[in-house]
Structure formats: C-alpha cells, structure tokens
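Here the sequence shown is numbered in my numbering, starting from 466 and rising by one per residue.
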Amino acid sequence: MITLLSRLLIRPDGRDAAGLRKAYGMLCGAVGILLNVLLFSGKLLAGSLAGSVAITADAFNNLSDAGSSAITLLGFHLAGQKADAHHPFGHGRIEYLSGLGVAVLILLMGWELLQSSLSKILHPAPVAASPLVIAILCVSVGVKLYMAFYNWRLGRRLDSSAMRATATDSLCDSAATAAVLAATLAGHFTGKMVDGWAGLLVAAFILWSGVKAAKETIDPLLGTPPTREFVSRIRELVMAHSEIIGIHDLIVHDYGPGRVMISLHAEVPASQDVLALHDEIDNVERELREQLGCEAVIHMDPVVTDDGVTEETRRRVADLVRCIDDDITIHDFRMVSGPTHTNVIFDAVVPYDFRLSDRQVGEKIWSAVQALDGRYYAVVHVERSYT
C-alpha cells in the first residue's frame, strides 16, 4: 500500500533529498494514523464483546500509536523546514525529537499495560473468545507486522531514527496482540485465566523496546561520533589530492539527517604557493559537498617537507610514538633550535577511551624523544579524538 501511495502522491522530479525525505515521512505518518484509528475501533469492539482488559488495553495502545504517527508526521513536516535566522543549520533535529516522543509514548503504553495486567492477575475474570474477536485480533497482528515492515524499510533507506522507533513500536504492538490472542484462546479452551500474565510479559517487552528506542533518538541529540565508513570516505576523498599530505582534527557536526557539517585540518607543503593551495582546498570542499552531501571547512596546516632533518626527525618520532601504542598519531610537527637544546613541538592524538591519562601519554613521549637525542625536548599537546 505504501509503495502504491508513494507512486501516486510523491513525485521525485524537482525534489531534493530533504524534500523526498519529508514527503515519505509525512506519508507514513498519515497512513499510520489511519490504520491505528481503524485498529483502535475494532479492538475496542472486541474488548467489549469479550470482556477482556487486555484487549481493551491493546485498543487504547493503538490509539496512542495514532498519536505517535501524528508526532512522526508533524516531526517530518517541521524538520523539512529550511534554515532561518534563528536556526541557521536548519530544523533537522526535530526528527530526532519526534522519535523521542514516540519512544516516550511506547514507555507510557508499557507502564499502563503493566498496571492493567497486574490488576487482572490479582482479580482474574473469564474471557469470551467469539469468532469475531479472534478475527479482529488476527487482522490486527497482520496489520501491525505490515506497519513494522514498511516503517523499518523506509527507516533504513532514509536513515531515520524516528521511523525506526515507529517500526519498533509496531513490532511491539504485534507481539502484544499476539500474546493477547494466545491468552484469549488459552482461556477459552482450558478455562485458565492467563490474560493478566500474558499482558505482564508483553508489558515487560514493550518497556524494554521503549528504552531501546529512546536511546536511539537521544544519542544523536547528545552527539555521537561518525561511523568509520563515513570517516574513511572523507579521508579517501581528501587524500586523493596530491597536494595534501595528511589530515587530522576531523570533527563532524550532525544537525539532523542530511544536514552534516565537517571541519578538518589538511597538511600541505609549506614551500608551495599559498594561493594555489587555497584553490585546491576550495576544490576539496566542493567535492565533499557534492559527493557526501556535507558542508566542509578545511584549515590548511603548512608542513616542512624540504628540510631533511625535520622530516627525518618527524618520521623517527612517529615510529617511537607508535611503539608506545599503535593508536597514537602525531601532527603539526616542527623543530625550534636553541643554543642548548631543540624543542620538538607536535600534537599527539589518542582515542577517548585510551587506557592512559593525557599526562601519562605526555611523559612516555617525553622519555622516548629524550632517548632519541638528549638535546631534544618534547613539547607535546595531547588531545583526544574519536577518529
């Protein structure tokens, strides 16, 4: 159904990636509202006929899902707004907020189902299982599985945490309804009133899924490191230019799906013409925007390449630092000679979760440089990086 509606209602011609993302998100939100309202009506009827608190609770769960779909629809609409004076980087993070709203509703639904299930365990009552009730529950399971499928598929295609959270919610609903169906059938054929126990298990599963969905949307709001694949693509594109010797201090700013800014330092030969290098850096920034869809700001770091002593010392120091740990790298290397000693100045980069403190890393590097030449004093700035 989603595929058919997207063909009828979404015209990709003339739309950018952000516009298509907004259109697909709003379409899925509108379909979700319609399907959940229909499921609420059917289950409310089934719950009244069967006298089942679990079916009635499941019906109101679908009503809350309609609210979740409305949040998703509104979130994609607001996230698709263009940048303005108050939000110069756009409104893309609203999509993360809408996903968080869905996760909160999942948690609230799980809590309510937990309470109603405990009440049904303490005060059990028989449940009537008519063919109409069974049919409504079976249809509900199928519809929710379909909703989980199309939300997850589009969530992966659009890299949308909000749609993945909605898919998780739909999968939880399908499991919840399946458990209610099983409990209803068990009570009808065995006479055992397990309605409340089935609801308790489903509530625990839903609460766990809600926590997982909340984490998935909170993480990008707080800020997460880029994937290794994305960093590798940036490095390969930049280093494909022969004028660039190396890169460091890469920072990725995520302002929502499709709204990424990066900054990095590019090492270039100090002896080359600065205007020609600046022109090449402009070309790299344009390529990053065209191929990776991100705005880039690149700072040029001049590196001495025609001084044999400096280059050889840099290579030897880099080898010594790698002997301390393969994860440590150096950059911005330079040497300042004096009458009694030579300052060897550089930055050392270690991962955030590195086992040694910055002070311990500096002391080890100092000792290694001193062992290389007693006249060398290491002036090291230790910095942490996710890359």
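No residue lacks a Cβ here, since even glycine has one placed at the ideal position from N, Cα and C.
Proximity below 8 Å, CB of residue i to CB of residue j
i: Met628; j: Gly490; result: yes
i: Arg751; j: Glu760; result: no
i: Ala630; j: Ala705; result: no
i: Leu539; j: Phe505; result: no
i: Asn501; j: Asp523; result: no
i: Leu672; j: Leu572; result: yes
i: Glu701; j: His796; result: no
i: Thr649; j: Val598; result: yes
i: Val703; j: Ile710; result: no
i: Leu821; j: Val782; result: no
i: Val457; j: Asp792; result: Within the shown structure, residues of the chain are numbered from 466 to 852, placing residue 457 beyond reach of any answer.
i: Gly661; j: Pro589; result: yes
i: Ala668; j: Leu579; result: yes
Simplified DSSP assignment, three categories, for residue i
i: Ile559; result: helix
i: Tyr817; result: coil
i: His846; result: strand
i: Ser533; result: helix
i: Ile810; result: strand
i: Ile709; result: coil
i: Met800; result: strand
i: Thr795; result: It should be noted that the sequence gives Ile, not Thr, for residue 795. Strand.
Of the residues the options, the one placed nearest residue i, counting alpha carbons only
i: Phe819; options: Ile789, Glu708 and Met658; result: Ile789
i: Ser533; options: Gly675, Ser595, Gly664 and Leu650; result: Gly675
i: Leu729; options: Tyr841, Tyr842 and Ile763; result: Ile763
i: Pro596; options: Gly512, Leu573, Asp771 and Tyr615; result: Gly512
i: Thr794; options: Asp784, Ser802 and Met800; result: Asp784
i: Cys603; options: Ala643, Leu757 and Leu499; result: Ala643
i: Arg779; options: Ile536, Tyr841 and Leu715; result: Tyr841
i: Leu686; options: Leu565, Gln737 and Arg693; result: Leu565
i: Met658; options: Leu578, Gly839 and Ala647; result: Ala647
i: Asp823; options: His846, Ala641, Asp744 and Gln756; result: His846
i: Phe798; options: Tyr615, Ser707 and Asp772; result: Asp772
i: Asp624; options: Phe525, Gly494 and Thr682; result: Thr682
i: Ala535; options: Ala600, Gly497, Ser517 and Asp747; result: Gly497
i: Leu654; options: Asp747, Ala594 and Arg693; result: Here residue 654 is Phe; the residue named in the question, Leu, does not match the sequence. Selected option, being the one with the closest Cα: Ala594.
i: Pro767; options: Val569, Val739 and Lys487; result: Val739
i: Ser584; options: Val645, Tyr615 and Leu665; result: Leu665
i: Thr775; options: Gly758, Ser802 and Gln756; result: Ser802
i: Ala488; options: Gln546, Asp714, Thr805 and Phe811; result: Gln546
8 Å contact criterion, which residue i and residue j should meet: CB distance rounded
i: Val844; j: Val809; result: 7 Å
i: Leu610; j: Ser581; result: Incorrect: roughly 24 Å between the Cβ atoms, too far for contact.
Exercise. Can you list, in chain order, the stretches of the beta strand (DSSP E) that have 3 or more residues and sit fully within the segment 565-593?
Worked result: Qualifying beta strand (DSSP E) stretches: none in this window.
Exercise. Could you give the uninterrupted runs of the alpha helix (DSSP H) lying entirely in the segment 589-653, keeping only those of 4 residues or more?
Worked result: The segment 589-653 contains, as complete alpha helix (DSSP H) runs of 4+ residues, the segments 596-623 (chain order).
For this session: Return the chain-ordered ranges of every alpha helix (DSSP H) run that is complete within the segment 711-782 and spans a minimum of 4 residues.
Result: Taking only runs of at least 4 residues, the alpha helix (DSSP H) segments lying wholly in the segment 711-782 are 739-757.
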